[in-house]
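Read the structure below first, then the notes.
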Amino acid sequence: MISVLIPTKGRPGMLREALLSLQAQTFRHWEAVVVEDGEGEGLEVVRALAEPRVRGLWNGGRGQVEARLTALGVAQGEAVLFLDDDDLLLDPAYLHRAWRALAQGAGVAYGEGVLLLEAGEIPFAPGEVGPWLLKDNRLLASGTALRKKALWELGGLDPAMGDYWDWDLWLRVYRAGLPFRYLKGRGVGVRVHGKNASHGNRREERALYLERLRAKHGLGPIPLKDHLQLALQGGPLP
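The sequence shown begins at 1 in my numbering and counts up one residue at a time.
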């Protein structure tokens, strides 16, 4: 079974659409652990959906990484897949493809997809993982999966990394030599809007977390970027 870990805060409509995209999956052996970090709207969505494979938990406003750790602590699946509450699995076979990749020996399965803007879509193709991972985080957190055992062996998720909890994990996977499997196609939909964690008036906070990431992994200078900026740059980095 795949456990889908979904932190949520103040986006009940988008959360419902994310959960509906799970219900549309052809792979049936999944559970979703929704962790509420806000006022409770997400738990109301879970109750209204009445899907036995979806359960909701409180996180008490402790933050996005702690919410994922709360979900991870109760996840029953052999594998876990990250999904933000404002994102979607667009390919109905996506969970099946991720599970098959892990079953065939991939350490991490990650997807290609589109950035969803009000004016339309922008394709987002991370490319095959390589040394560029030391300079840019092109992997979409939503739709990325790995075995739960491997995640714990790598040290779990580090709350001190804040916005860059995912890049920190990918770097640990990369340096451990675990293989990445790239799932091409229109698999994941990532909404770009003013309330995204990587947008708005949080540049100073994001810069602090980026500096922590650089110090932890011994990385060179890295400018602040988001996935929209990376997509507009064009193709994958060398």
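A virtual CB, placed ideally from N, CA and C, is assigned to each residue, including glycine.
Three-way DSSP call (helix, strand, coil) for residue i in this model
i, result
"E78", "coil"
"S242", "One cannot answer for residue 242 here, as it falls past the ends of the chain, which runs 1 to 238."
"V173", "helix"
"K184", "strand"
"R212", "helix"
"L146", "strand"
"E31", "strand"
"E39", "coil"
"G220", "coil"
"G162", "helix"
"G13", "helix"
"R206", "helix"
"P238", "With a pLDDT of 31 at P238, under the threshold of 50, the predicted position of this residue should be treated as unreliable, though the coordinate-derived value follows. Coil at P238, not helix or strand."
"D136", "coil"
"Q25", "coil"
"D168", "helix"
"L157", "coil"
"A141", "coil"
"L151", "helix"
"L228", "helix"
"L19", "helix"
Environment of residue i [buried if 16+ CB atoms lie within 10 Å]
i, result
"T8", "buried"
"R138", "buried"
"I6", "buried"
"A119", "exposed"
"G68", "The question names Gly, yet the displayed sequence has Arg at residue 68. Answer is buried; the Cβ neighbour count reaches 16."
"V74", "exposed"
"G218", "exposed"
"T70", "buried"
"G111", "buried"
"A32", "buried"
"P223", "exposed"
"G61", "exposed"
"E36", "buried"
"L117", "exposed"
"P12", "buried"
"H227", "buried"
"L95", "buried"
"W99", "buried"
"L208", "exposed"
"G177", "exposed"
"R206", "buried"
"A215", "exposed"
"G56", "buried"
"G235", "The predicted model places G235 with a pLDDT of 46, which falls under 50 and marks its position as unreliable; any figure quoted below should be read in that light. Under this definition G235 is an exposed residue."
"L20", "exposed"
"A101", "buried"
"Q233", "exposed"
Nearest-angstrom Cβ-Cβ length linking residue i and residue j, presumed shorter than 8 Å
i, j, result
"A145", "A79", "6 Å"
"V173", "L154", "6 Å"
"M161", "Q76", "That belief does not hold up - the Cβ atoms of M161 and Q76 are roughly 26 Å apart, past 8 Å."
"G63", "P159", "7 Å"
"A150", "G107", "6 Å"
"G113", "V190", "6 Å"
"L81", "V4", "5 Å"
"D136", "L230", "6 Å"
Residue i - partner residues in DSSP beta bridges
i, result
"V129", "None; V129 has no bridge partner."
"T8", "E36"
"R191", "L116"
Cutoff 9 Å: residue i Cβ touching any chain C Cβ
i, result
"W30", "Given the protein chain composition of this structure (a single chain), no chain C is represented."
I'd like the ranges of any beta strand (DSSP E) spanning at least 3 consecutive residues and lying wholly in the stretch 46-126. 54-58, 79-82, 87-89, 108-117 and 120-124
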